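Participant: Following this message is one structure expressed as C-alpha cells.
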Amino acid sequence: MESDEGDRIRLTVPATPAAARITRVSAAGLATRAGFSYGEVEQLRLAVDEATALLAGTGASNGTEVPRLEVLYVVERTGLWIELEVTDAPDAGPEELEVPDLTRMVLDGTVDTWEVAPTERRITLHKRRTDDEDEDE
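Whatever position you read off the sequence shown (first residue = 1), add 15 for our numbering.
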C-alpha cells in the first residue's frame, strides 16, 4: 500500500475467529461509503472474512495472551486497500503462513490483487471500484 491519498482507518481486534465479523462489517461499511456496488461490497466482505479467518488461526493463544489483529483500511477514490496483520502472537517463530487452495480461489475471485507476507503473518487486499458504465457493458 503506497498511497498517500484517501482516508486511513486503523482497527485492532483480538486475532480470533469471532473478530472476523468486526473486520468484515468495517470493510463493508467503508466500501459502501466509497461508492462500491452491492456486489463489490459482498465480494470484499467475503475476501476480508477469508483473510481474517486464515490469520486468526496463526497466532494461537498460549492461554494468557491473545494475539491482536491489526487492520489498516485505506479508502481511495478508485478503490480500497486492506492490510491485516497478526501482532503480539506468543512464540511467533519463523513458521510460514500457508494459504489453502480454497482461500486462494476465494481471494482470486473477490479482489483485484492480494499478497501474503507469510513469515510476517500479513495479508494485503486491494479492490478497485468499477464505474457504473463498466458494469453495464
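Every residue, glycine too, gets a C-beta built ideally from N, C-alpha and C. These numbers were taken from a predicted model, which means no experiment stands behind them.
1) What do you get for Ala34, buried or exposed, if any count of 16 or more other CB atoms within 10 angstroms of its CB means buried?
2) Apart from the five residues on each side of it in sequence, which residues of its chain come closer than 6 Å, Cβ to Cβ, to Thr139?
3) What separation, rounded to the nearest whole angstrom, lies between the Cα atoms of Ala66 and Met120?
4) Measure the alpha-carbon distance for Gly124 versus Asp64 and round it to whole angstroms.
5) Using the beta-carbon count (16 or more within 10 Å), is Tyr53 buried or exposed?
6) By how many angstroms is the C-alpha of Pro32 removed from the C-alpha of Tyr88?
Facilitator: Working from what's here:
1) Reading the sequence shown from its first residue, position 19 is the one you call residue 34. That one is buried.
2) Mapped onto the sequence shown, residue 139 falls at position 124. Hits under 6 Å: Glu98 and Glu130.
3) Reading the sequence shown from its first residue, position 51 is the one you call residue 66. Reading the sequence shown from its first residue, position 105 is the one you call residue 120. When rounded, the distance between both Cα atoms is 12 Å.
4) On the sequence shown, residue 124 is found 109 positions in, with the first residue counted as 1. On the sequence shown, residue 64 is found 49 positions in, with the first residue counted as 1. One C-alpha to the other measures close to 14 Å.
5) As a first step, residue 53 is located in the sequence shown; it is residue number 38 there, counting from the start. Exposed.
6) Against the sequence shown, residue 88 aligns to sequence position 73. Against the sequence shown, residue 32 aligns to sequence position 17. Near 19 Å, if we compare the C-alpha coordinates of Pro32 and Tyr88.
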